[in-house]
Amino acid sequence: MDYEKKARDVLHDHNLKATRPRVRILAYLMSHHDHPTVEMLNAAINDDQKKLATIYNTLNSLEEIGVVIEIKNGDNSTHYDYFEKPHFHIICTNCGTISDVFYPNFGQIKQQMQNEARSQTGYTISRSHVEMYGLCPNCQRKLATQKEA
3 MDYEKKARDV LHDHNLKATR PRVRILAYLM SHHDHPTVEM LNAAINDDQK KLATIYNTLN
63 SLEEIGVVIE IKNGDNSTHY DYFEKPHFHI ICTNCGTISD VFYPNFGQIK QQMQNEARSQ
123 TGYTISRSHV EMYGLCPNCQ RKLATQKEA
């Protein structure tokens, strides 16, 4: 798949200029599911020494149009995710691994949750995402092995 073309199309659909940094960052997020930090993004796309400020500004623009979300991790790091298909995240409380969970009708469920939140609180909802926390299978195995020792 040509992720750079897809990124350009998404940017144009949202009336954003398809600058090189925007296209590269969005294409990376579309093609990788590793929920990178700004530093990870910089290392991955840094063929011409992008400034961190450019990456932060680009991510903010992409968040504002709703195609990228920010995920705060338990270790106080901030990760980013392309959000084309409605999904939620589960985060390991031990190692910080972030996994996507695609749930049938999650888009409808999320909309119902937003409607209920708006109804109960009067808030105007600008964006939302759902996170769950637990122990990933690798950390479960490591902890079980440590208990046996």
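My numbering numbers the first residue of the sequence shown as 3 and each following residue consecutively. Every residue gets a Cβ at the ideal spot worked out from N, C-alpha and C, and that includes glycine. Here the structure is a predicted model, which means the values were calculated and not measured.
Simplified DSSP assignment, three categories, for residue i
i, result
"F85", "coil"
"T80", "strand"
"Y125", "coil"
"V25", "helix"
"K53", "coil"
"K19", "coil"
"Y94", "Reading off the sequence, residue 94 comes out as Cys, not Tyr. Correct three-state label for C94: strand."
"I111", "helix"
From the options, residue whose alpha carbon lies closest to that of residue i
i, options, result
"D102", "H35, R24, K8 and E6", "H35"
"G98", "E133, A119 and L13", "E133"
"V25", "T39, S63 and P38", "S63"
"S33", "S121, T56, F85 and H89", "F85"
"Y58", "A46, V69, G76 and T39", "T39"
"V70", "P106, L54 and K87", "K87"
"C138", "N117, H16, I93 and I73", "I93"
Cβ-Cβ separation, residue j to residue i (assumed contact under 8 Å), whole Å
i, j, result
"I67", "L43", "Incorrect: roughly 18 Å between the Cβ atoms, too far for contact."
"Y82", "L31", "6 Å"
"F104", "H91", "Contact doesn't hold; Cβ gap of about 11 Å is too wide."
"I111", "R120", "About 15 Å; that fails the 8 Å criterion."
Buried/exposed call for residue i, threshold 16 Cβ in 10 Å
i, result
"A29", "buried"
"T60", "buried"
"H37", "buried"
"A55", "exposed"
"A45", "exposed"
Endpoints, the alpha helix (DSSP H) within which residue i is located
i, result
"H14", "Y5 to D15"
"I47", "V40 to I47"
"L145", "P139 to E150"
For residue i, the first and last residue of its enclosing beta strand (DSSP E)
i, result
"F104", "Here F104 belongs to no beta strand (DSSP E), and DSSP marks it neither H nor E."
"I71", "V70 to K74"
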